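Visitor: This is the structure I want to talk about, given as structure tokens.
Protein chains: 2
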Amino acid sequence: MLVSAMNTTRSGRPALTRPDGTPVRVLVVDDDPDLAEVLSGALRYEGWEVRTAGDGASALAGAHELRPDAVVLDVMLPDTDGFAVLRSLHEVKPDVCVLFLTARDTVEDRIAGITAGGDDYVTKPFSLEEVVARLRGLLRRAGMARQQEEGPRMTVGDLVMDEEAREVSRDGRLIELSPTEFELLRFLMRNPRRVLSKAQILDRVWSYDFGGQAHVVELYISYLRKKVDAGHAPMIHTVRGAGYVLKPVVR
Amino acid sequence: MLVSAMNTTRSGRPALTRPDGTPVRVLVVDDDPDLAEVLSGALRYEGWEVRTAGDGASALAGAHELRPDAVVLDVMLPDTDGFAVLRSLHEVKPDVCVLFLTARDTVEDRIAGITAGGDDYVTKPFSLEEVVARLRGLLRRAGMARQQEEGPRMTVGDLVMDEEAREVSRDGRLIELSPTEFELLRFLMRNPRRVLSKAQILDRVWSYDFGGQAHVVELYISYLRKKVDAGHAPMIHTVRGAGYVLKPVVR
DNA sequence: CGAACCTCTGAGGGACTTCTGAGCGAACGC
DNA sequence: GCGTTCGCTCAGAAGTCCCTCAGAGGTTCG
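Heads up: the protein sequence lines correspond to chains A and B, in order.
Numbered per our numbering, the first sequence spans residues 1 to 251.
Numbered per our numbering, the second sequence spans residues 1001 to 1251.
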């Protein structure tokens, strides 16, 4: 097997790839350079090829050059509105997926109709895990899932997560999770046997504008333990001074 | 089994295909580019191959190239009216299905002549679920239903919907639904075990020009629950912060 | 032309989530 | 062994999300 030729994420996890095995290509369009940078960093970490643009015009130019599989697109752009860009993008590449970024109060407004075509949106402020998860969902549904285990279902030991149904179960028994708990567990499950620091977790699972303490991570880990590890051998472990790991129970 | 070669919708559901297994081909003709964009997005999401045209002349050109199985055709076009286009279309491809889009006040008698020929129409403003359902009906009747479970009947658990008869029953007992309730339930049943956000539901089940709040979705879910889940273990579940799911009762 | 029905708005209340703060115990360094 | 640091958990406040009721306005049908 040509492992060396295989496209992988920086975390070593196999990447979601295009059908020919080359990296997924994503165009990030946002007029805030800091946000665009953070986003593209997170997407590169997924093993994807990323390009950024700051306005509608350069977005179209970038789309022509990169021919992206997906576009992350801020609705509020200096030159045009998102709907016009959406149409032009689909003219350039009819099967491109679009993930809109919107302010909370812009929703309902000009976003109407976009989810009907299978595209999606997230409201600012968002967490990086959410953006990545939505993108993976879009790409998977568009037929980008060459990776066999990249179904809607994820497994670590006897812990199973179905992202589409938003269902988690351990040993067949269903577990109810709040939105934040779900996202935290998803992050852990996407990085099994890997120590994740509280700072890393905070950066990925909480919104980028979260001003609070790393203490919340401890709190939510404790919530998760109560729900996930209750009555079983623990899968969530503390590595003192370093962070947390999720790993399958060794028999 | 050639799973990879199988034509599927983006939602993972098997698609309605042509008898040879290739995607159904649809031509969308409307002079409003936004509407054409939303429509073609929704139809692509069904796994179909779509092409758009903005007037009668390019519609005919598109029909020559694409040789579509069905045409979604606005009656009011800038250059000709839809009925003239229909005649020319039938010369190009006699067995093509046509779904007319009309304003509410368009002359009824001319439309009546259409439906006699097996074609169909919807009045603006319409919901995308309605357009897709009508098209599926037309295509099915025209012999496009290679998919065996693509009959007029749909089942989730003990919940059964007959789309043609517009009848719904749970555990054999008939349920009366209003038009909106019916369409909402159809959307849920076409996406079982899949969390649907209020925005998604609004975009598909409500008319594209609906300006109201996502709150109506909650309201209609509550109506549906009273009729569908009354006296049974619930099938409609709220996923807080994410949306709603319909799933069969687990034994 | 009236009655029944359907759709949507608004408001109230309840349930759930999220985060802060504080106390306590365990692990670590010296 | 002792003090300090680190992490866990409880309790509660504030906020958010969701459900339901009641009723207005519109439409359809008899």
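We treat Cβ as the ideally placed atom computed from N, Cα and C, and that holds for glycine.
In this text the structure is predicted, and so the values were computed from the model without any measurement.
Based on Cα-Cα distance, which residue from A:Pro33, A:Val245, A:Gly47, A:Val71 lies nearest to methionine 189 of chain A?
Guide: The residue with the shortest Cα to Cα distance from methionine 189 of chain A is A:Val245.
Visitor: The beta strand (DSSP E) that contains methionine 189 of chain A, what's its start and end?
Guide: Taken as a continuous stretch (DSSP letters only), methionine 189 of chain A belongs to no beta strand (DSSP E), being part of the alpha helix (DSSP H) at 179 to 190.
Visitor: Might you give, ordered along the chain, the residues of its own chain that have their beta carbon closer than 6 Å to the beta carbon of leucine 1159 of chain B, omitting 5 neighbours on each side?
Guide: Correct list, in chain order: Arg1170.
Visitor: Please determine, among A:Asp69, A:Thr180, A:His237, the residue with the shortest C-alpha to C-alpha distance to glycine 143 of chain A.
Guide: Measuring from the Cα of glycine 143 of chain A, the nearest candidate turns out to be A:Asp69.
Visitor: Quick one: what does DSSP say leucine 202 of chain A is sitting in, helix, strand or coil?
Guide: It is helical.
Visitor: Of all the options A:Val24, A:Leu174, A:Thr123, A:Arg44, which has the alpha carbon lying nearest to the alpha carbon of valine 96 of chain A?
Guide: When each option's Cα is compared against that of valine 96 of chain A, the closest is A:Val24.
Visitor: For a quick check, are the C-beta atoms of valine 239 of chain A and glycine 157 of chain A less than 7 Å apart?
Guide: In this structure, glycine 157 of chain A does not lie closer than 7 Å to valine 239 of chain A by Cβ.
Visitor: Enumerate in chain order the residues of its own chain whose CB-to-CB distance from alanine 1199 of chain B is below 7 Å, with the five nearest sequence positions on each side excluded.
Guide: Hits under 7 Å: Ala1214.
Visitor: Does aspartate 1195 of chain B come within less than 7 Å of chain A when only Cβ atoms are used?
Guide: The sequence as given places valine at residue 1195 of chain B; aspartate does not occur at that position. It does: the Cβ of valine 1195 of chain B has a partner Cβ on chain A nearer than 7 Å.
Visitor: Taking 8 Å as the limit between beta carbons, can you name the residues of its chain near aspartate 1079 of chain B, skipping five residues before and five after?
Guide: Answer for aspartate 1079 of chain B: Asp1055, Gly1056, Ala1057, listed in chain order.
Visitor: Count the other C-beta atoms from every protein chain shown that fall within 10 angstroms of the C-beta of phenylalanine 210 of chain A, then say buried if there are 16 or more, exposed otherwise.
Guide: Per the 10 Å Cβ criterion, exposed.
Visitor: So leucine 27 of chain A packs on valine 71 of chain A, CB below 8 Å; how close in whole Å?
Guide: So it is a contact: roughly 5 Å between Cβ atoms.
Visitor: Leaving out the 5 sequence neighbours to the left and right, which residues in its chain are closer than 6 Å to alanine 36 of chain A when beta-carbon positions are compared?
Guide: Answer for alanine 36 of chain A: Val28, Asp30, Thr52, listed in chain order.
Visitor: Would you verify that the beta carbon of tyrosine 117 of chain A is, or is not, closer than 7 Å to some beta carbon of chain B?
Guide: Reading off the sequence, residue 117 of chain A comes out as glycine, not tyrosine. Cβ-Cβ to chain B under 7 Å: yes for glycine 117 of chain A.
Visitor: Using 10 angstroms around the beta-carbon of aspartate 105 of chain A, count the other beta-carbons present and answer buried if the total reaches 16, otherwise exposed.
Guide: Answer is exposed; the Cβ neighbour count stays below 16.
Visitor: Cβ of glycine 1054 of chain B less than 7 Å from any chain A Cβ?
Guide: Judged by the 7 Å Cβ criterion, glycine 1054 of chain B is not in contact with chain A.
Visitor: Below 9 Å on C-beta distance, what does phenylalanine 83 of chain A contact in chain B?
Guide: Simply Asp1034, Glu1037.
Visitor: Starting from glycine 113 of chain A, find everything on chain B with Cβ-Cβ shorter than 7 Å and list it in chain order.
Guide: What glycine 113 of chain A touches in chain B: Val1038, Asp1203, Tyr1208.
Visitor: Identify each residue in the segment 1225 to 1247 of chain B for which the Cβ-Cβ distance to at least one residue of chain A is less than 9 Å, and report them in chain order.
Guide: Taking 9 Å as the Cβ-Cβ cut-off against chain A, the residues of the segment 1225 to 1247 of chain B that qualify are Val1239, Arg1240, Gly1241, Ala1242, Gly1243, Val1245, Lys1247.
Visitor: Hey, is glutamate 181 of chain A's beta-carbon within less than 7 Å of any beta-carbon in chain B?
Guide: No - not a single Cβ of chain B is within 7 Å of the one on glutamate 181 of chain A.
Visitor: Specify, as a first and last residue, the run of the beta strand (DSSP E) that aspartate 120 of chain A falls within.
Guide: 120 to 124 is the span of the beta strand (DSSP E), which, as asked, contains aspartate 120 of chain A.
Visitor: Restricting to Cα atoms, I'd like to know which of B:His1232, B:Gly1231, B:Glu1181, B:Val1131 is closest to serine 1222 of chain B.
Guide: That would be B:Glu1181, whose Cα lies nearest to the Cα of serine 1222 of chain B.
Visitor: Just the chain A side, please: which residues come within less than 8 Å of arginine 1044 of chain B by C-beta, in chain order?
Guide: Result: Pro94, Asp95, Gly117, Gly118.
Visitor: Does any C-beta atom of chain A lie closer than 7 Å to the C-beta of leucine 1219 of chain B?
Guide: For leucine 1219 of chain B, the answer is no, since every Cβ of chain A falls outside 7 Å of its Cβ.
Visitor: Going along chain A in order, which residues have a C-beta closer than 7 Å to the C-beta of leucine 951 of chain B?
Guide: Here chain B has residues from 1001 to 1251 only, and residue 951 of chain B is not among them.
Visitor: Span of the beta strand (DSSP E) holding valine 1232 of chain B?
Guide: The sequence shown places histidine at residue 1232 of chain B, rather than the valine named in the question. Note, histidine 1232 of chain B: premise wrong, no beta strand (DSSP E); not H, not E.
Visitor: Counting only Cβ pairs nearer than 8 Å, list the residues of chain A close to alanine 1133 of chain B.
Guide: What alanine 1133 of chain B touches in chain A: nothing, since even the nearest Cβ is about 14 Å away.
Visitor: Can you tell me where the beta strand (DSSP E) holding serine 169 of chain A begins and where it ends?
Guide: 167 to 170 is the extent of the beta strand (DSSP E) around serine 169 of chain A.
Visitor: Quick one, are the C-beta atoms of leucine 128 of chain A and arginine 204 of chain A less than 7 Å apart?
Guide: Yes.
Visitor: Return the CA-CA distance between valine 1050 of chain B and leucine 1135 of chain B, expressed in angstroms with no decimal places.
Guide: Between valine 1050 of chain B and leucine 1135 of chain B, the C-alpha separation is close to 13 Å.
Visitor: Distance, Cα to Cα, alanine 1005 of chain B vs aspartate 1162 of chain B?
Guide: Since pLDDT at alanine 1005 of chain B reaches only 43, below the 50 mark, its modelled position is unreliable, and no value is offered.
Visitor: Three-state secondary structure (DSSP) at tyrosine 1208 of chain B?
Guide: Note: tyrosine 1208 of chain B maps to coil in three-state DSSP.
Visitor: Could you name the residues that DSSP lists as bridge partners for aspartate 81 of chain A?
Guide: Aspartate 81 of chain A is bridged to A:Met76.
Visitor: When you compare the CB positions of alanine 262 of chain A and leucine 89 of chain A, do they come within less than 7 Å of one another, or not?
Guide: The requested residue 262 of chain A does not occur in the structure, where chain A is confined to residues 1 to 251.
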